[in-house]
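*Asks:* Following this message is one structure expressed as structure tokens.
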């Protein structure tokens, strides 16, 4: 049975995006066993563009977010936030595409990548 939240519960309180700047999701990464097949599958079914692709990962651009296809042994499934203070989350590592980021995990073990905002 679902628990109903009372109107007094803080989690039901809405704050306006105009009052503060919300974090920007740069991309969501999912694991696929074969990058080329993954790129072909997504681009044949959806309106997206390939920003980068090699044998180990690909980045597909959609209108509102990017989708990274990664090999399970190369990167964990994760989502990436773009933040101006990324370096406050840990030591940034430069990737082959020039982006700098740090990985961390949430309280439940999910991987989150914090990218340096450009």
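In this note's numbering, the protein residues as written are 22 to 139.
Glycine residues also receive a C-beta, built at the ideal position from the N, C-alpha and C atoms.
Computed from a predicted structure; not experimentally measured.
Answer yes or no: the CB of residue 134 versus the heavy atoms of the ligand SAH, is any distance below 7 Å?
*Replies:* Absence of the ligand SAH from the depicted structure is noted, as is the absence of any ligand whatsoever, leaving it without description.
*Asks:* Closer than 7 Å by C-beta to residue 97: which residues in its own chain qualify, once you throw out the five before and the five after it? Chain order, please.
*Replies:* The residue labelled residue 97 in the question sits at position 76 within the chain shown. Answer for residue 97: 132, listed in chain order.
*Asks:* Mind checking residue 53: buried by the 16 CB within 10 Å criterion, or exposed?
*Replies:* Along the chain shown, one-based indexing puts residue 53 at 32. Buried.
*Asks:* Looking at residue 103: is its Cβ nearer than 8 Å to the Cβ of residue 113?
*Replies:* The residue labelled residue 103 in the question sits at position 82 within the chain shown. The residue labelled residue 113 in the question sits at position 92 within the chain shown. Going by C-beta atoms, residue 103 is not nearer than 8 Å to residue 113.
*Asks:* Can you tell me where the alpha helix (DSSP H) holding residue 17 begins and where it ends?
*Replies:* No answer is possible for residue 17: the residues shown for the chain start at 22 and end at 139.
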